[in-house]
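In our numbering, the protein residues as written are 6 to 326. Heads up, the thing below is written out as structure tokens.
Take a look at the structure:
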């Protein structure tokens with residue numbers, strides 16, 4: 006192809022020869038330029054018109070994207086329905102687990118008053134229990150989120166109840182294993198073992214030990230002889246010390262200010278092993294004391310009570326003077 010360029014002020018006529026591939030490249034560039042311009046117009050004009058509700062233009066944009074929006078909504082609805090069905094199935098399983106837990110708790114000797122804070126602060130406080138958390142007919146994302154939060158809370162409650170039940174079931178073995186029965190601190194006892202209102206979160210939770218009120222730096226003594234197995238930092242317990250007493254029994258001393266023994270050390274009953282502090286998840290200086298049997302928390306008050314009974318028992322008639 007030849008293009009002739011003639012001008013009155015020019016003596017000669019210029020000739021521009023364009024090959025076929027050059028013409029094709031030029032046409033392709035023009036098409037790409039038009040596509041880019043149309044995309045820019047769509048994004049900057051039509052989408053803005055759709056968001057701001059311009060007359061006519063907004064209707065045109067809605068007609069163009071209606072199919073895409075309908076497909077996206079249908080996909081989200083199908084996924085929400087599937088999630089709602091799964092949430093309903095999990096809730097039904099938790100309801101069955103609750104019934105089993107109540108029967109097992111009764112067999113283990115857990116009294117209803119032991120679960121008082123849980124029943125008062127948990128979901129049961131608002132009325133009956135059971136049923137699905139969300140409707141299976143077109144649930145919203147907010148419905149699902151509320152249901153998942155409720156399931157999480159309910160699962161935490163069930164875990165606390167079964168921990169307490171497991172603790173009670175171990176009590177039949179405690180008579181021969183009352184080893185850590187010396188009080189770690191000579192002082193008043195605050196919160197005991199069992200369900201209570203958590204002082205930080207305000208929710209019902211299982212308190213797995215005894216709290217001894219004391220000043221910072223007060224000596225903490227080993228409840229029995231044993232081997233130090235851990236001197237670590239824990240996010241909740243702070244500076245924590247654990248002593249193994251054999252027979253799968255161990256004691257734990259939490260929120261300490263300073264630990265005076267190291268892992269592997271052999272300690273005697275009554276030996277000072279740490280000092281009272283306020284480390285970790287704590288609202289004030291105190292000692293959180295736990296007794297564990299095979300890693301399951303037990304009520305330390307039972308060990309200490311057994312020690313007091315043995316000390317206060319009257320002498321036999323043959324030994325009286």
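Note that beta-carbon positions come from the ideal geometry of N, C-alpha and C, so glycine has one too.
Buried versus exposed call for residue i [16 or more other C-beta atoms within 10 Å across all chains shown]
i	result
residue 302	buried
residue 200	buried
residue 216	buried
residue 244	buried
residue 241	exposed
residue 94	exposed
residue 154	exposed
residue 212	buried
residue 172	buried
residue 292	buried
residue 115	buried
CA-to-CA distance, residue j to residue i, given in whole angstroms
i	j	result
residue 228	residue 208	31 angstroms
residue 187	residue 197	16 angstroms
residue 190	residue 307	16 angstroms
residue 136	residue 107	Low per-residue confidence applies at residue 136: pLDDT is 45, beneath 50, and the placement is therefore not dependable enough to give any value.
residue 331	residue 170	The structure shown has nothing for residue 331, since the chain only spans 6 to 326.
residue 146	residue 85	7 angstroms
residue 283	residue 79	55 angstroms
residue 91	residue 104	20 angstroms
residue 285	residue 44	57 angstroms
residue 125	residue 206	Its pLDDT being 47, under 50, residue 125 is placed unreliably in this model, and the coordinates cannot settle the point.
residue 204	residue 230	33 angstroms
residue 24	residue 39	23 angstroms
residue 128	residue 151	Only weak support exists for where residue 128 lies, its pLDDT of 45 falling under 50; the value from the coordinates is given anyway. Straight-line Cα distance between these residues: approximately 13 angstroms.
residue 322	residue 167	Caution is warranted here: a pLDDT of 37 is assigned to residue 322, below 50, making its placement in the model unreliable, and no coordinate value can be reported.
residue 27	residue 46	29 angstroms
residue 224	residue 277	6 angstroms
residue 318	residue 164	Below a pLDDT of 50, predicted positions are generally treated as unreliable, and residue 318, at 43, falls in that range; no measurement from the model is reported.
residue 83	residue 75	12 angstroms
residue 202	residue 239	22 angstroms
residue 35	residue 77	34 angstroms
residue 42	residue 49	10 angstroms
residue 96	residue 269	46 angstroms
Candidates the options: closest to residue i by CA position
i	options	result
residue 294	226, 237, 234	226
residue 184	41, 28, 309	309
residue 156	37, 39, 98	98
residue 210	161, 288, 268	161
residue 264	274, 222, 251	222
residue 256	163, 214, 154, 36	214
residue 113	248, 270, 46, 174	174
residue 273	290, 292, 250	250
residue 298	292, 81, 252	252
residue 275	163, 248, 77	248
residue 101	271, 270, 292, 159	159
Rounded distance between the beta-carbons of residue j and residue i, thought under 8 angstroms
i	j	result
residue 246	residue 233	7 angstroms
residue 192	residue 219	5 angstroms
residue 267	residue 236	6 angstroms
residue 259	residue 280	13 angstroms between Cβ atoms; not a contact.
residue 89	residue 149	6 angstroms
residue 305	residue 296	5 angstroms
Enumerated in chain order, which unbroken segments of the beta strand (DSSP E) with a length of 3 residues or greater are wholly contained in the region 156-209? 199-202
Length at least 3, wholly inside the region 209-254: the beta strand (DSSP E) runs in chain order: 209-212, 215-218, 224-226, 231-239, 243-251
Which residue spans inside the region 253-313 form an unbroken beta strand (DSSP E) run of at least 3? 254-264, 277-281, 291-298, 301-303
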